[in-house]
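Colleague: Right, I'll just put the structure down here and ask away after.
Numbering (the numbering used here), first residue to last: 2 to 601.
Structure, rendered in structure tokens:
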């Protein structure tokens, strides 16, 4: 019997200030300075205690383990904002006028687990593992804090059987199968119970709920089945691993959509629906060449995954997520049964209007309100300042009813990749080691939200990208004629994908559409490592047994058609329903590391 106890803790304290000075920059003037001060604290501890029994009995092997785990985290913070400081050079909270009441927040969560595991093998050929754990989270409501998560796995070392034991071609072969349940509690604490927040009114301080509480909140659970094979052949010169998996997640923790008459408290978190993840993982390791002074090996990984929503609270339910878009919220993603999570949702762009007739022949985007039997929606109002104009975007009439309206919104992109991969080659040439690692992804699409601001062309308050130089331009058929007469205006640069510049944007060229969706496929030279081991005869003169100098170069090159900084968006402002939305995250840095590896 072996008993082990582990304990870890992490304590953080952060202070930050943000200052907006008064300034005058041409026509842009800010007469009111602002100072925001923020302090935050966080504390975390984790404890593990487990007992292990390991026994070998002839051809039988048994390992049993029981244990407990406990975690606790808590945080708190304050923030205060003041305005009208007497000078930009004096940044003291006490000298300003408070902008609203000071803010304060706190929270805490804890997790308690009990588990047991039994691992049995017979002749090291047949291996069976069974696990049972029970977890309790303080994030869930009464009656839902505890949940059980069993799992089982079986492996068969086929290469140890007599019919394969003497085979020279196969070095080892193992077949694997597993099944199990796992839980997710990755939400904010306290969402199952109401919390009141102060608000200022003409009659003094009042209190209202901070959010809509859900006392029935419980665990999100994933049921996963795996089958796989590990195969080594030719004296371990080629090693292959394949895993086929099917994961079904139910009682998903998602934000529910609520009607506005509930007071605008924000959407509650609920357990809703089912989702499947099906796919496979492949890894391949090869020793391509091995010699005294030269060797070369390759490691390849390949992953393919497909997600599908199996159920929501009703078959026709659509979960939408909105983004703030030119002074209004617009739907950016939609999740529905039979499709992957968080599909991009909006209007499909067909092109740019080139002339008056092109506008009149298209479905109505802004009606002239002249209704006839043949034109129940009227025709497009062709007007430079109040209607549709040459250089505006032409949106697709999805349902072919002759008018462009919300019923023409559709899926315009998929944030999920078709597959991803990694390739690592390692070369050893005498005392020199060289490693080259590539990663890549294919098929994922990105909503380039940053372009909405830098290609919007609706005002002078934001810098514009150089791409707007190629925006829609028009020319006059009669240079002496009017530029507001649609019969005298045509598009000067057919084929452009960027609409005209306009301060009114009556056509809503900047609405959520396929204009902002881009291919996010990429190939990245992720890492290059170069090392040189100095001759032993040289380093031993200074009483060193081994010395290696190395350089590690990360993110050296990127090949992609994506126009943003980096197609690897990261997790900034992302969740399961809003994936691959580029909000302007700082790009992945290029890093150069140099060092020594010394043995004395």
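All C-beta atoms, glycine included, are put in the ideal place defined by N, C-alpha and C.
Which residue comes first and which comes last in the alpha helix (DSSP H) that contains residue 539?
Modeller: Residue 539 -> alpha helix (DSSP H) spans 537-540.
Colleague: At the level of alpha carbons, what is the spacing between residue 297 and residue 529?
Modeller: 15 angstroms
Colleague: Check for me: the alpha helix (DSSP H) holding residue 450 runs from which residue to which?
Modeller: 450-455
Colleague: What runs of the beta strand (DSSP E), each 3 residues or longer, lie entirely inside the stretch 60-103?
Modeller: 61-84
Colleague: Could you check whether the stretch 124-143 touches the stretch 96-106, counting it as contact only if at least three pairs of C-beta atoms, one from each stretch, sit closer than 8 angstroms?
Modeller: no
Colleague: Is it buried or exposed, residue 603, if we count other Cβ atoms within 10 angstroms and call 16 or more buried?
Modeller: With the chain represented from 2 up to 601, any question about residue 603 goes unanswered, as that position is not in the structure.
Colleague: Indicate whether the contact test is met: 3 or more Cβ pairs, each with one atom in the stretch 108-127 and one in the stretch 50-68, closer than 8 angstroms.
Modeller: yes
Colleague: Check the C-beta distance from residue 353 over to residue 492 and give it rounded, since I have them as a contact under 8 angstroms.
Modeller: 6 angstroms
Colleague: So, residue 473 versus residue 455, is the Cβ gap smaller than 7 angstroms?
Modeller: no
Colleague: Note the first and the last residue of the continuous alpha helix (DSSP H) segment covering residue 461.
Modeller: From DSSP, residue 461 is part of no alpha helix (DSSP H); its letter is neither H nor E.
Colleague: Please go through the same chain and pick out, in chain order, the residues whose beta-carbon is closer than 6 angstroms to the beta-carbon of residue 617, but skip the five residues on each side of it.
Modeller: Missing from the structure shown is residue 617; the chain here goes from 2 to 601 and no further.
Colleague: If you count every other CB in all the chains shown that lies within 10 Å of the CB of residue 484, and 16 or more means buried, which is it?
Modeller: exposed
Colleague: In the structure shown, what three-state DSSP assignment does residue 358 receive?
Modeller: Residue state, collapsed to three classes: helix.
Colleague: Alpha carbon to alpha carbon, what distance is there between residue 435 and residue 227?
Modeller: So the two alpha carbons sit approximately 36 angstroms from each other.
Colleague: Going by beta-carbon coordinates alone, are residue 334 and residue 345 separated by less than 7 angstroms?
Modeller: yes
Colleague: What span of residues does the alpha helix (DSSP H) with residue 204 cover, start to end?
Modeller: Annotation for residue 204: no alpha helix (DSSP H) segment contains it, and DSSP assigns it neither H nor E.
Colleague: Where does the unbroken beta strand (DSSP E) through residue 141 begin, and where does it stop?
Modeller: No beta strand (DSSP E) contains residue 141, which DSSP labels as neither H nor E.
Colleague: Name the residue from 444, 460 and 577 whose alpha carbon lies nearest to the alpha carbon of residue 563.
Modeller: Closest by C-alpha distance to residue 563, out of 444, 460 and 577, is 444.
Colleague: Using the beta-carbon count (16 or more within 10 Å), is residue 201 buried or exposed?
Modeller: exposed
Colleague: Given a cut-off of 7 angstroms, decide if residue 282 and residue 317 are closer than it, judged by their beta-carbon atoms.
Modeller: no
Colleague: Give a yes or no on whether the C-beta atoms belonging to residue 410 and residue 347 are separated by under 7 angstroms.
Modeller: Result yes, Cβ atoms of residue 410 and residue 347 sit closer than 7 angstroms.
Colleague: Quick one: Cα of residue 44 to Cα of residue 76, how far?
Modeller: Each residue's alpha carbon lies about 6 angstroms from the other.
Colleague: Can you list the beta strand (DSSP E) stretches of 3 or more residues lying completely in the stretch 474-547, in chain order?
Modeller: 475-477, 490-492, 518-520 and 523-534
Colleague: Would the beta-carbon of residue 215 fall within 7 angstroms of that of residue 269?
Modeller: Yes; because the gap between Cβ atoms is below 7 angstroms, this pair is in contact.
Colleague: Enumerate in chain order the residues of its own chain whose CB-to-CB distance from residue 288 is below 6 angstroms, with the five nearest sequence positions on each side excluded.
Modeller: 238 and 298
Colleague: Determine the closest residue to residue 303 out of 312, 284 and 293, with distance taken between C-alpha atoms.
Modeller: 284
Colleague: Using a Cβ-Cβ cut-off of 6 angstroms (strictly less than) and excluding sequence neighbours within five positions of residue 401, which residues of its own chain qualify?
Modeller: none
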